[in-house]
Structure formats: structure tokens, C-alpha cells
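In our numbering, the protein residues as written are 4 to 644.
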Ligand code: ADP
Ligand code: MG
């Protein structure tokens, strides 16, 4: 099948021109036939046949020769020719006219769904104001910006490429990327994304990525790729379309013979066989699934939810268990160092040494340390040969020798003793404790606290409300911390799994999969394997994060957990619309075929029913596009202390 049934690969202008020619020709022929005879009516009829039939016929023949598949569109042309050959040329023309018209409508509708995301590209400004080292500002084409360039963003202007704020603070409207309507406040160090709007202040940003690698560019590439992949139900409808097209052709030919044998005239028998050919054509069945999936993928992308394909969309609708990572997923991942406990060293060394170890780390703990160091105007100690141990900690070598930082598991590996009474108060708290040591010598410990996202509780509640009974949290952190966060979010103790290594998360996901499809929601740090193992891997807050975008099947660009429930709802709505479409398309086909077999259904009516049904399923699929993912409710206002 070419693109999809009916969705002719013609350029839109040609598509429109052919449709206009067909419609005008048809009008002319009708006036001549039913009102006043007009000159050159046969020529107009010929125009209808040529403009209506040739493009579909040539495309279908090309496919027959190249791919050895029978396009449904070919059935229409055969039926029209059959009608013409038995003196029903006018009815054949009606067929081709309606066929042409519906082809164009479907083509447009599918194009609209497909391009709904590409429109983001056009939101990027053409020029940016580059700040030279000597302080002058020059207007520069965005395409010429390179990594490291400084750019001035005026109030109301769009961000030209992905970057990081270096000077100024203010709120940005990021709805183009995250679908989030509330402005986000950003300050130096925070990332900003191409095509988002700087609302009120002047910002200076540093270019992080050239235009071609921006988040928007990757979003569009991902959605385009997703649209090209086939969902399981889509494969069904295509498989059905192909088998069925051959079958319809065979059955119609057989019926023609049967009608003849039953004593009908050649003309009547061929006319009826052609009517049944049209009535039984599976165009609506074939297009019903891609129409819904394309629309859903686009609607989701506009809401900041990127599906890697229709398959992920369909699987999400069937999920029985949602498993959440804790750090960076249910929590903000913006941890703060809350307490310092130097034992065999002083506070400053404790901080600078851990910070030195974590200097290159992606873990939220590393972020907390970078901020703590900045606040105290300290610099990280130089540490080399750094190695991360997922869900345990980090090792390296400083001027004195090997050092390590990590959780109790790491400390135990190193033979460190964690029974120092001074540690008790730190361990009793519900913060994450990071120990620092030199071999078995414990140098000290710090406590790091991370807060749940404001939307996590509501997001989990929304999932439960849709009937998801099994929701669990998985973390490499200690159980007391896991319990504090998890119970605060409405999870029961038996739904909270702590002290896990990345491979433990994978095993747990596998265990849960015995009860039905599992979705794993993570941030890509220490949980990429679980994201990959789950039936649907969902990356949270993935704007600008390569790891998460690659490991997951679904990327939530927003950090708003409500998006997850919304994406789940969308997947269920898409599944429902696919079901509706398939039932309607098969039902309409049954009615039309019955009419053709037993009730002398005239050809034009069969055509009207067939093409009308096809357009209807496309429009029904397009409904998903009208209603992009929105927040279920405004975020809960922060509770006053
Ligand atoms: P989660 O599963 O909640 O996302 P992780 O698996 O990322 O948590 O980490 C689990 C624990 O391992 C952390 O709480 C921390 O104690 C320790 N850890 C992991 N990475 C590091 C690191 N880079 N530095 C220090 N400790 C770490
Ligand atoms: Mg994590």
C-alpha cells in the first residue's frame, strides 16, 4: 500500500487541482445529463475519468509491479471501469468523483496530524542578538550560532537555540516544549530551550547546542520516526487490507459468474459485481488505525509527551502496573545538602573532597554538592580516575590516595565501620546519607534531602483513579528515606521497594510483568536498564536529557507528573477510538455488502457509503488531535508553613 489507503502521495496543489477538475467535470456532465444537453459532455466525462482515475491507477500499478501488493485504490478504478463498460458511465464518474474528493480530504487530514508537531520549527526566530566579548551586540542568523556563543534575549522574544542562562533571571513560557501553560522561573545555570518565550526580563544565555541538535529538532525527529513505525493494530489493518483486497477482487469476480449463471444479463451482472466490489472495499478499515494513531502521537507531542511509536501508545493503554523510580522521578532531584558530619577530617575538606569526586557525576546528589560548594565559595578538590558505581556511590584518587563516597553498601565494601555513635542522629533522619572514606577509614558523612515533586501525589492518585491498582516505588536509597517519600505520596509500605541495585530494579520489573504489562517511570540515572526492560519505559523531565530520551519508549518533557496520567488517558482514548473505528468500518462494510447482494443497492449509494465511512473514521481519529494533553487540574498551591 502506498502511504495509507487513499492517502495519495501527490503534492497538495496537484491533489487539489485534480479534485477541482473532477468536481467541475462531474457538475458539467450532470447538468448535461439531467437539465439541458450541453456540448462536449463526453469530453467532460473523459476528464472526470482521467483526473479521478489515472493518479490512483498509476500509483496502484506501480505498487503492484514493485512490491507485488494490491492497493485497495485499484478496486475503485476497476469498479468505475466496469460500470463504464456496461453503460453506467455516469455512475462510474460519480464513483471516481467521490473517491477523488475523499482521497483529498483524507490526505489533508493525515497531513495535518502528521505535521502538527513540525509547526514548532517555525516558532524559532531567524536571527539572534549575539554578544561579542567586547560587549557589542550584533544580529546573527540563528543557524550561525555555535556552542559557547553568548546571546541576549529580550523580553517577549523566543529562545533561538538550546542554552543555559548566564545572566539575568525571569520567567519563561515553555509550553511549546513541555505543554505546560504555567511560566517557569529560571535563573543563571538553568537550561532554556529553543522556541520557548522569555516573558518579562532581559536574559543572557550561552549556546549549548547548535540549531540542528536542539530539543525541538530531536522532538520532531522522534515524532517523525514514531509516525513511520507501525503499531500492532496498524499491522493488523494493513495485513487485513492486503489479504482482503485480493479476496474482494476474487469474490466479486466469482459473484459476476454466479449472477450470470442465475440468468442475469451481462450488464446487470457486471454492474452488481462492481457495486459489491466497492461496498466490500476495506479502505475504511485500513485507514482507521493510522488516522487515530497519527493524531494521538501528534496531540501527545504538543502536550510535551513524546511516544517513540504507535506500539508504545497501544501498550500504555494496557498497563497494569506503574513502577516509579524515586530520586529525580517522584522527587525533584534538586537535592540540598542539609547536614555535615566531619569525623576524621574538617567540614571544608569533607565537602570539597566529595564535590571533587562528584564533579562529573550526573546524579542528583552531585548537583546538591555543586550548589553547596558554590554557596560557600569553595572549589572541589582535584580527584582523578573517577568511577561511578550505580546505586552505590563513586570512587577516585586525590592527592593522598584512593577515596570513595557512597551509601552503606559502598561503605561496607570498603570495610568502613558505620557504628560511630555520632552517625546515629544522621542515620535516624529521613535524609539520604552519603559517607566519605579513604579505604576503611571513615572521613565523615553528609545528609542530603530531596523533596517530592509537587505533582507526584496527584499524579499517582490520578493513575489510581483510572483503575491502576498496582503502583510501586523502586529506589536504590535506604528504606527510611524511601518510606518517608513514598508514604507522603500515598503509597503503602508494601508498595515501596528500597536498597535496590539497578539489576534489582530490572528483576522486580520482570516479576511484576507476570501480572500484566508494566510501565517503568524513571529519569534515566541508574535506571536505564529498568526503563528498557519494562513494557513501556517512561522518562520523566526529559527535556534536554539525551540518556532518558534514548532509553525510554515515552519521554515526558515536562516535570509535571500530571502529564503521566494524561498520557495514559490519551492512550486509552486512542485505543477506544481505534476500536470504534474498526467496528464501525467493518459494520458499514457488512451493511453495504448486504445491500449489494440482496437489495439491488445502486452503485452511487455504495460509493457514497464507502467513501463517507472512510472519511468518517479519519475524522473520528482526528478528534484526538483537537484535544491535546492538558493538566487534569491546576497544580496544588504550596501549603503555607
Ligand atoms: P534512586 O533509585 O532513588 O533513583 P539511585 O539508584 O540513583 O537512587 O541511588 C541510590 C543510592 O546510591 C543513593 O541514595 C546514594 O546513597 C547512592 N549513590 C548513587 N550514586 C551516587 C553518587 N554518585 N554519589 C554518592 N552516592 C550515590
Ligand atoms: Mg533516579
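Quick reminder that beta carbons are idealized off the backbone N, C-alpha and C, glycines included. Note that this is a predicted model, so its numbers are computed, not measured.
beta-carbon residue 420 near ligand 1 non-hydrogen atom, thresh 7 Å: no
With DSSP run on the structure shown, which of helix, strand or coil describes residue 552? helix
Can you tell me which of 257, 126, 146 and 350 puts its alpha carbon nearest to the alpha carbon of residue 132? 146
Span of the alpha helix (DSSP H) around residue 726: Any property of residue 726 remains undetermined from this structure, which presents the chain solely from 4 to 644.
Would you say the beta carbon of residue 408 is closer than 7 Å to some non-hydrogen atom of ligand 1? yes
If we count the other Cβ atoms within 10 Å of its Cβ and call it buried at 16 or more, is residue 256 buried or exposed? Exposed, since its Cβ has fewer than 16 Cβ neighbours within 10 Å.
What are the residues that DSSP puts in a beta bridge with residue 396? 392 and 409
Alpha carbon to alpha carbon, what distance is there between residue 20 and residue 366? 58 Å
Segment limits, alpha helix (DSSP H) that includes residue 417: It is not in any alpha helix (DSSP H) - residue 417 carries neither H nor E in the DSSP assignment.
In the structure shown, what three-state DSSP assignment does residue 7 receive? Below a pLDDT of 50, predicted positions are generally treated as unreliable, and residue 7, at 41, falls in that range; no measurement from the model is reported.
For residue 157, is the classification buried or exposed, using 16 other Cβ atoms within 10 angstroms of its Cβ as the cut-off for buried? Per the 10 Å Cβ criterion, exposed.
Give me the Cα-Cα distance between residue 639 and residue 59, rounded to the nearest whole angstrom. The pLDDT assigned to residue 639 is 44, lower than 50, so where the model puts this residue is not dependable; a value taken from the coordinates is nonetheless given after this. Rounded to the nearest angstrom, the two C-alpha atoms are 55 Å apart.
Please determine if the stretch 426-439 and the stretch 447-456 are in contact, where contact requires at least 3 C-beta pairs separated by less than 8 Å. yes
Rounded distance between the beta-carbons of residue 163 and residue 148, thought under 8 Å: 7 Å
Could you give the residue range of the beta strand (DSSP E) that holds residue 133? 130-134
Quick one: what does DSSP say residue 161 is sitting in, helix, strand or coil? strand
Cβ-based neighbour list, residue 504, same chain, cut-off 6 Å, excluding 5 preceding and 5 following: 394
Buried or exposed for residue 242, please, with buried defined as at least 16 other CB atoms from any protein chain shown within 10 angstroms of its CB. exposed
In terms of residues, what are the limits of the beta strand (DSSP E) holding residue 522? Going by DSSP, residue 522 is part of the beta strand (DSSP E) stretching over 521-525.
Please state whether DSSP places residue 433 in a helix, a strand or coil. coil
Buried/exposed call for residue 37, threshold 16 Cβ in 10 Å: exposed
Cβ neighbour criterion (16 or more within 10 Å) applied to residue 189: Around the beta carbon of residue 189, 16 or more other beta carbons lie within 10 angstroms, which makes this residue buried.
By Cβ distance below 7 Å, which residues in the same chain neighbour residue 50 in space, the five residues on each side in sequence not counted? 24 and 28
Is it a yes or a no for the stretch 606-623 touching the stretch 104-116, going by three-plus beta-carbon pairs under 8 Å? yes
Secondary structure of residue 473, DSSP reduced to three states: strand
Could you tell me if residue 599 is buried or exposed, where buried requires 16 or more neighbouring beta carbons within 10 angstroms of its beta carbon? buried
Backbone CA spacing between residue 636 and residue 176 [nearest angstrom]: Because residue 636 sits at a pLDDT of 45, beneath the cut-off of 50, its placement in the model cannot be relied upon, and the following sentence gives the value as read from the coordinates. Straight-line Cα distance between these residues: approximately 18 Å.
Where residue 308 and residue 564 are concerned, what is the direct C-alpha to C-alpha distance, given to the nearest angstrom? Going by the C-alpha atoms only, they are around 11 Å apart.
Determine whether the beta carbon atoms of residue 222 and residue 311 lie at a separation below 8 Å. No; because the gap between Cβ atoms is not below 8 Å, this pair is not in contact.
In angstroms with no decimal places, state the Cα-to-Cα distance between residue 315 and residue 234. 8 Å
Starting from residue 225 and walking both ways along the alpha helix (DSSP H), at which residues does that stretch end? Per DSSP, residue 225 is one residue of the alpha helix (DSSP H) stretching across 218-231.
Helix, strand or coil, according to DSSP, for residue 155 in the structure here? strand
Could you check how far apart the C-beta atoms of residue 351 and residue 381 are, in whole angstroms? I think they sit under 8 Å. About 6 Å separates the CB atoms of residue 351 and residue 381; that is less than 8 Å, so the two are in contact.
Given 8 Å, three or more beta-carbon pairs between the stretch 290-306 and the stretch 455-465: no
Judging by CA-CA distance, which residue of 623, 492, 179 and 165 is the nearest neighbour of residue 287? The residue with the shortest Cα to Cα distance from residue 287 is 623.
Nearest residue (CA-CA) to residue 425, options 407, 478 and 445: 445
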